[in-house]
Amino acid sequence: MHEELQGLGNSGYLEAYRFLGALSTALIRLDRGDEALAITEGGYNAALADPAMPLFQSVPLINAHAVSLGESDRFEDWEAASRIFLEQSIKLYGEDTMQVSSAYQHLAGALAKLQRYAEAIAAIERTVSIRRQLMSADDPGLAATLNYSGGIYLRSKHYDEALAHTEEALRIYEISHALESRGGIRALHQKARIHELRGEYQRAMEEMVRVLPFIGGEPDHFVGQQAAAPLLLHARLEHRAGRLPKDCAPLDRLLGLEPIRPEELIEARILAAACASQHGDRARAAELLATLPEALPEQELTQYTRALYQQLAQSPTSSAH
């Protein structure tokens, strides 16, 4: 494909790859990351294999593939592509530019997924610093950056910094009348998660009440498997408060999600078993526990859900491994 597109000339070549980049982005939002990866991989390999390719052609190809790698959970490859993207972007655009800030953000995301948090924080703070220079204080794009940096701090367990960045993002979304945008609602979800981790469960629920209408609603800001994380958070909060209904319907909604990440399905089954047990349906609880793998994921399960599993596994009627 690369050779065919080169025959279009520089302007046609770039337009074709802009279209392919837009297509891969759309596929990612539809949870079709493997298809997006197939689209971007050819251009990325061509960029690496051809040292004579002009930077204005190679850099967008590397960027598109870095995005696809991140969305496909290939985190080591994402880091490698992000470092190449950063190096080439500095050469093409200069140091303190939006394009370079995006490269630092890619790198921060990859490093956070690899649990190299100190490096991730350094990279995302470089992104924030550049964008504060280049963007107005009420730009929703700056809010999106701050929400992303808040997520990095959240994963690194720096909850005060995570909350500060996320609340600043929400203030910008509010003054720019974008609080109900995709970015604004996702920032509310992140704030709820931070409150949960800080043990502030009522405040977490207050934020989730604002998020719920945008899960499967109109507009829907959590398409496909993206709905799992907020629905799991809401289910945990409801279980803590003893408010899950007898039919455990919120958990049935989670269990019916397709696609859903394996670790999220495991958590949903544990919560569903806890709900069933809480309402006296021990047979249903045992049935759900029997579907779990022998070794639970080490990092992905929340501490609360892991504790629930241990309680259920010790039950006399449990069929857990």
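My numbering numbers the first residue of the sequence shown as 86 and each following residue consecutively.
We put the CB at the ideal spot given by N, CA and C, even for glycine.
A272 and M290: beta carbons closer than 9 angstroms?
Not a contact, by the Cβ cut-off of 9 angstroms.
Is F307 buried or exposed, if buried means 16 or more other CB atoms sit within 10 Å of its CB?
With 16 or more other Cβ atoms within 10 Å, it is buried.
Less than 9 angstroms separating the beta-carbons of E352 and L386?
It is a contact, given that the beta carbons lie within the stated cut-off.
Please confirm if the stretch 162-172 is in contact with the stretch 131-150, defined as three or more CB-CB distances below 8 angstroms between the two stretches.
Contact holds: three or more Cβ-Cβ distances are below 8 angstroms.
Quick one: what does DSSP say G301 is sitting in, helix, strand or coil?
Of the three classes helix, strand and coil, the one that applies to G301 here is coil, per DSSP.
Does F307 come out as helix, strand or coil in the three-state DSSP assignment?
Three-state DSSP puts F307 in coil, outside helix and strand.
Taking only three categories from DSSP, how would you classify C333?
If DSSP states are grouped into helix, strand and coil, C333 belongs with coil.
State the Cα-Cα distance for the pair R58 and E379, rounded to the nearest angstrom.
One cannot answer for residue 58 here, as it falls past the ends of the chain, which runs 86 to 406.
Counting only runs of 4+ residues fully inside the stretch 340-376, write out the alpha helix (DSSP H) ranges in chain order.
As far as the stretch 340-376 is concerned, its whole alpha helix (DSSP H) runs of at least 4 residues are 347-363, 367-374.
Below 6 angstroms CB to CB, which residues in the same chain sit around A254 once its five sequence neighbours on both sides are set aside?
Cβ within range, chain order: A228, L231, N232, A272.
Under a Cβ-count criterion, where at least 16 other Cβ atoms within 10 Å of its own Cβ denotes burial, should R321 be classed as buried or exposed?
With 16 or more other Cβ atoms within 10 Å, it is buried.
Could you tell me the boundaries of the alpha helix (DSSP H) in which K242 lies?
Segment: none, K242 is in no alpha helix (DSSP H) and carries neither H nor E.
Would you identify the three-state DSSP class for Q384, choosing helix, strand or coil?
Coil at Q384, not helix or strand.
Tell me which residue opens and which closes the alpha helix (DSSP H) that R414 is part of.
Lying before the first or after the last residue shown, residue 414 is absent from the chain, which here runs from 86 to 406.
Buried or exposed, going by whether 16 or more other CB atoms sit within 10 Å of the CB of D214?
Here the sequence assigns Ser to residue 214, which means Asp is not the residue at that position. So S214 counts as exposed.
Three-state secondary structure (DSSP) at P139?
It is coil, neither helix nor strand.
Which word fits I270, buried or exposed, when buried means at least 16 other C-beta atoms lie within 10 angstroms of its C-beta?
Flag for I270 reads buried.
Reducing DSSP to helix, strand and coil, say where L90 ends up.
Interpretation of L90 is limited by its pLDDT of 49, a score under 50 that renders its predicted location unreliable; the figure taken from the coordinates is listed afterwards. Helix at L90.
Rounding to the nearest angstrom, what Cα-Cα distance links H250 and A314 in this structure?
Looking at the two C-alpha atoms, the distance is approximately 20 angstroms.
Please name the residue, chosen from D332, P139, L316, I237, that lies closest to A193 on a Cα-to-Cα basis.
Comparing Cα positions, the closest option is I237.
Just to confirm my understanding: we take R369, look at its own chain, exclude 5 residues before and 5 after, and list those with CB closer than 6 angstroms. What are they?
For R369, where only same-chain residues beyond five positions count, the Cβ hits under 6 angstroms are A361.
Could you pull the start and end residues of the alpha helix (DSSP H) that H319 belongs to?
Unbroken alpha helix (DSSP H) run through H319: 313-325.
Determine whether the beta carbon atoms of I345 and Y394 lie at a separation below 9 angstroms.
No, the pair does not count as a contact, with Cβ atoms beyond the cut-off.
Should the stretch 171-179 be called in touch with the stretch 196-207, which here means at least 3 C-beta pairs below 8 angstroms?
No: fewer than three Cβ pairs fall under 8 angstroms.
For D162, name the three-state secondary structure that DSSP assigns.
It is helical.
Quick one: is N95 buried, meaning 16 or more other Cβ sit within 10 Å of its Cβ, or exposed?
Because N95 sits at a pLDDT of 49, beneath the cut-off of 50, its placement in the model cannot be relied upon, and the following sentence gives the value as read from the coordinates. It is exposed - the Cβ of N95 has fewer than 16 other Cβ atoms within 10 Å.
Using 9 angstroms as the threshold, is the C-beta distance between A222 and I257 below it?
Yes, the Cβ-Cβ distance between A222 and I257 is below 9 angstroms.
With DSSP run on the structure shown, which of helix, strand or coil describes Q396?
Helix at Q396.
So A188 and S167 are supposed to be a Cβ contact under 8 angstroms. How far apart are they, rounded?
Rounded, the Cβ-Cβ distance is 7 angstroms, consistent with contact.
Would you say E348 and L339 are within 9 angstroms of each other, going by their C-beta atoms?
No.
Rounded to a whole number of angstroms, what is the C-alpha to C-alpha distance between Q190 and L196?
If you take the alpha carbons of Q190 and L196, they lie about 10 angstroms apart.
I need the boundaries of the alpha helix (DSSP H) containing E292, first residue and last residue.
286-296 is the span of the alpha helix (DSSP H), which, as asked, contains E292.
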